[in-house]
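Be aware that the sequence shown starts at 5, since it is given in our numbering, and climbs by one per residue.
Don't be surprised by glycine CBs; every beta carbon is placed ideally from N, CA and C.
The structure appears right after this line, and notes come after that.
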Amino acid sequence: KVYSRVLGTGSYLPPGRVTNQQLTDRLAERGVETSDEWIVARTGIRARHFAEPDVATSDLALIASQRAIEAAGIDPQSIDLIVVATSTPDFVFPSTACLLQDKLGIKNNGAAFDIQAVCSGFAYAVATVDSLIRSGQHRTALVVGAETFSRILDFNDRTTCVLFGDGAGAIILSASEEPGVLASALHADGSHAGILCTPGHVNGGVVAGSAFLHMDGQAVFKLAVNVLEKVAIEALTKADLSPEQVDWLIPHQANIRIMSSTCRKLGLPQERMVVTVDEHGNTSAASIPLALDLAVRDGRIKRGQNVLLEGVGGGFTWGASVIRY
Ligand code: ACO
5 KVYSRVLGTG
15 SYLPPGRVTN
25 QQLTDRLAER
35 GVETSDEWIV
45 ARTGIRARHF
55 AEPDVATSDL
65 ALIASQRAIE
75 AAGIDPQSID
85 LIVVATSTPD
95 FVFPSTACLL
105 QDKLGIKNNG
115 AAFDIQAVCS
125 GFAYAVATVD
135 SLIRSGQHRT
145 ALVVGAETFS
155 RILDFNDRTT
165 CVLFGDGAGA
175 IILSASEEPG
185 VLASALHADG
195 SHAGILCTPG
205 HVNGGVVAGS
215 AFLHMDGQAV
225 FKLAVNVLEK
235 VAIEALTKAD
245 LSPEQVDWLI
255 PHQANIRIMS
265 STCRKLGLPQ
275 ERMVVTVDEH
285 GNTSAASIPL
295 ALDLAVRDGR
305 IKRGQNVLLE
315 GVGGGFTWGA
325 SVIRY
């Protein structure tokens with residue numbers, strides 16, 4: 005029997021770290037009022053990283069991928085599948101995954117494509133790649149979550165611009181006889197498309213509609229806490245595990261209040277949840293692999309432990325995967 009197993013992880017944050025106070029000062033210059041106290045109390049965010057204007061999502065993805073490849077100890081030419089979860093691709097097309105394949109110098113004509121499920125993107129990517137490996141179609145995959153959300157933030161809208169940051173995380177998933185990804189569950193409900201969207205599109209050489217992120221924060225909050233518990237239980241049940249058997253919960257890092265509520269509902273102590281939202285903000289599809297890499301590298305996550313990943317985001321989409329690390 006073939007499973008897909010994590011061989012290595014990597015991540016990258018652009019060096020431009022912006023604290024709440026720095027952001028507050030910048031916003032004040034344009035007459036937008038916020039404060040460190042408000043941001044910390046409502047979200048748990050203290051800082052985020054913003055990429056320089058000439059740095060694209062594929063540039064962040066490249067460094068995270070190189071680190072994951074090095075950690076896995078594999079030859080990049082053996083990667084026969086690249087999947088990038090992103091909602092801030094370099095271009096309309098070709099996909100960021102194809103651009104990344106070229107930047108990595110991979111010349112083996114393996115498959116490469118993007119997945120667009122906003123903040124659930126990494127959960128969608130893991131589930132998709134796991135299926136492609138289990139079916140025998142691919143053997144060694146680079147799975148990336150990478151975003152430059154700073155590009156779609158309206159810095160005149162204080163209800164959204166304080167929440168997001170840029171970054172990338174990557175894992176190598178490889179065919180193995182040992183169990184790795186144990187189970188996944190994915191869902192969507194397109195009837196909620198309007199509560200979290202960047203509705204602009206290219207038409208006649210210009211962007212028609214808004215190219216900025218729009219969000220009804222309270223509506224997202226209510227849906228998120230409801231579906232995250234359900235999808236976690238669904239994935240755990242498929243994996244034949246109970247919540248107590250989860251060693252580490254890695255939720256999408258959107259808001260500490262949503263994350264803590266899910267952790268509590270699952271009956272897990274807060275210490276078993278990996279938290280990066282304080283330092284990274286919400287990096288959308290990159291948040292889960294960024295947190296995973298951090299906890300692997302600092303020694304918290306060890307081989308053989310059960311890790312529950314779960315995400316929720318625009319679409320509306322949500323999903324979870326249980327991984328034996
Ligand atoms: N600074 C100061 N005041 C602010 C700010 C700000 N940055 N933003 C909003 N406010 C004000 C509002 O104007 C409002 O003022 P009023 O009472 O005078 O009208 C007050 O703060 C409260 O606003 P609410 O929207 O009720 O605040 P809430 O407690 O709901 O927190 C938040 C807002 C943080 C957005 C919360 O709703 C949330 O986290 N929602 C979920 C968001 C989320 O998870 N999104 C990501 C999903 S992932 C993806 O796919 C991208």
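Next on the checklist: Between 22, 170, 116, 87, which has its C-alpha nearest residue 126's C-alpha?
Outcome noted: 87
Item to check | Per-residue DSSP class, three states only, for residue 97 | outcome: Residue state for residue 97 is assigned as coil, using DSSP reduced to three classes.
Checklist entry - With 16 other CB atoms within 10 Å as the buried threshold, where does residue 142 fall? => result buried
Next on the checklist: Using 7 Å as the threshold, is the C-beta distance between residue 51 and residue 30 below it?
Outcome noted: For residue 51 and residue 30, no; Cβs fall outside 7 Å.
Checklist entry - Quick one, are the C-beta atoms of residue 260 and residue 48 less than 7 Å apart? => result yes
Checklist entry - With distances taken between CB atoms, is the gap from residue 168 to residue 24 smaller than 7 Å? => result no
Next on the checklist: Is residue 200 a contact residue of the ligand ACO, with contact defined as CB to any heavy atom under 6 Å?
Outcome noted: Residue 200 Cβ: within cutoff of the ligand ACO.
Checklist entry - When the Cα of residue 6 is compared with those of 188, 135, 63, 109, which residue comes out closest? => result 135
Item to check | CA nearest to the CA of residue 319, picked from 61, 213, 188, 120 | outcome: 120
Item to check | Spatial neighbours of residue 68 in its chain, beta-carbon cut-off 6 Å, leaving aside the 5 residues before and after | outcome: 14, 15, 16, 172, 173, 174
Next on the checklist: Suppose contacts are defined by Cβ-Cβ distances below 7 Å. Is residue 185 in contact with residue 325 by that definition?
Outcome noted: In contact: residue 185 and residue 325 (Cβ atoms closer than 7 Å).
Checklist entry - So the beta strand (DSSP E) residue 207 belongs to, where does it begin and stop? => result 205-207
Checklist entry - Buried or exposed: which applies to residue 32, given that a residue is buried once 16 or more other Cβ atoms fall within 10 Å of its Cβ? => result Burial call: exposed.
Checklist entry - Would residue 241 pass as a contact of residue 151 if the rule is Cβ separation under 7 Å? => result no
Checklist entry - Which residue comes first and which comes last in the alpha helix (DSSP H) that contains residue 310? => result It is not in any alpha helix (DSSP H) - residue 310 instead sits in the beta strand (DSSP E) that spans 310-317.
Next on the checklist: Going by DSSP in three states, residue 142 sits in which element: helix, strand or coil?
Outcome noted: coil
Checklist entry - Where DSSP assigns a beta bridge to residue 53, which residues make up the other side? => result 21
Checklist entry - Assuming residue 1 and residue 274 make a contact with CB atoms under 8 Å, what is their CB distance in whole Å? => result Since the first residue of the chain shown is 5 and the last is 329, residue 1 is not available in this structure.
Item to check | Residues bridged to residue 252 [DSSP beta-bridge criterion] | outcome: 311
Checklist entry - Regarding residue 258 and the ligand ACO, is the C-beta to nearest heavy atom distance less than 6 Å? => result yes
Checklist entry - Cβ of residue 288 within 6 Å of any heavy atom in the ligand PLP? => result The model depicted lacks the ligand PLP and carries the ligand ACO instead.
Item to check | Nearest to residue 116 (by Cα), restricted to the options 233, 37, 102, 212 | outcome: 102
Item to check | Three-state secondary structure assigned by DSSP to residue 168 | outcome: strand
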